[in-house]
Each structure stands twice: as structure tokens, then as C-alpha cells.
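Worksheet: one structure, shown below.
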Amino acid sequence: MLPPVAGFVKLSLCDWPGHVAAVAFLQGCNFRCQWCHNPELVYPKLFPIPLPDDEVERFISSLSPKVYDGVVVSGGEPTIHPTLPNLLLLVKQKGLKVRLDTNGSNPDLLERLIAESLVDEAAMDYKLPLDMYHMVSCGSPDAVRRSMELLAERGNGYLRTTLVPLLHTDEVMSCMREEFQHITGGRLKWVFQEYHQPKKVQPGTL
Ligand code: SF4
């Protein structure tokens, strides 16, 4: 059984810099970021019907290592699905690399995926200082901290922050820099992304 894949970008030269990749978008997310660009992957009422497992398997088996370097597995939040390892295994069995996009909320699964060599690179969101995570999630920010520590230890990932106007003030950024140093010892790459206005979600969808 595979996690619910809403769709693929069949060929991308920009989603994983330096790599020719396909991108898989998984449904469902345990966060509710106001600046989210994929509401149709977050709010169940907006979910399209996921692709049948056999279609997903056919697509991945069609990816030639002569053309592709790997697959970016994105969402939504891929790590909410216990069946995620099955999808990553299909990619690895093709001899391709995996880049996993995650919000860092499931360090246990992330650790397992790294230990089983199912993830070559993890791109993890570091959205806000941890004591502000209640703005995007009702879950514990301790999970995000543990994922940051894990990636700093294992060295096969990086953090990324979307700079949201009026939210990432100088004060907030200063707090994040201090926290980043404290948690990772500065051993992790940290990149910044430009904010783009998200799509509007209809009232009642939340
Ligand atoms: S974690 Fe990512 S997919 Fe989930 S709501 Fe936030 S921006 Fe959207």
C-alpha cells in the first residue's frame, strides 16, 4: 500500500537544484500555515481523488536513471503517512535518489528513513522560533527541535524558511538565529525563500 499521491510533476530541473527530478505531491498535512501554497493538499475538503497505487507504481518504474537523478517527495506533509517508506523504496529500487520535503513534525519516521537509506536529502521547514509554532500547529514544537537535531547530526539535509512580511521581523529573525545556533551548532545549511501571496481558501473549508 502506498501513501495518497495527488499528482506528479513529471520532469523538473528546478525543484532539486543540480538534479533532474520528478516531484510527487502527497495529500494531507498536520500543520495549517497561513502562507501555504498547496491548500488542496492540506484541507481534506479540497483533496482531489488520489492516483491509484498501480498508476503511481507504473510512473515510478518508467523513470529511467539515464534521464532522472531522483524524485522529490513533497506535500502536504509526507511523514504523516506510515506507508511513506513503501513509496520511497520504489524510488530507491529504480536506482534513483530521494529528496524529502518535511515540516519536521515526525522525527521518529525521519530517523528511520535516514537509517534505512531511503532519504538522500531532507529539506526541512524551520518556520518560526519554536515558541511560536502554536501559530501553525497544535502539535509539540519538541518534534521540530528533534528533527533539527537529527539533521544536524546526520548532515544529510538543510533547513529552509519562507520569509513572511510582518511575521519574520528583525526580532523574530534574531530569535531564530540564536535558536538555530543553539540547536544545530550551526552545522546545518539554512536557506531562505521568498514569500509569495498564497491562494485564498474559501470560508468553511478550514
Ligand atoms: S507545513 Fe507545508 S503543506 Fe503543511 S500547511 Fe504548512 S506550508 Fe502547507
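According to my numbering, the sequence shown is numbered sequentially starting from 485.
Glycine is no exception: its CB is placed at the ideal position from the N, C-alpha and C atoms.
Note that the structure is predicted; figures quoted are calculated from it, not measured.
- In the three-state reduction of the DSSP assignment, Arg644 falls in the strand class, which pools E and B.
- Secondary structure of Lys494 (DSSP, three-state): strand.
- Here Lys576 is buried: its Cβ has 16 or more other Cβ atoms, across all protein chains shown, within 10 Å.
- Nearest to Leu547 by C-alpha distance, out of Pro501, Met632, Lys578, Arg630, is Lys578.
- In the three-state DSSP reduction, Leu602 falls in the coil class, being neither helix nor strand.
- Between Pro569 and the set Tyr679, Cys517, Arg596, Arg629, the nearest pair of CA atoms involves Arg596.
- Note on geometry: alpha-carbon atoms of Ser621 and Arg629 lie some 14 Å from one another.
- Counting only runs of 3+ residues, the beta strand (DSSP E) found wholly inside the stretch 556–604 occupies 581–586, in chain order.
- Non-local C-beta neighbours of Gly588 in its own chain, meaning closer than 6 Å and more than five positions away in sequence, comprise Met608, Val628, Ser631, ordered along the chain.
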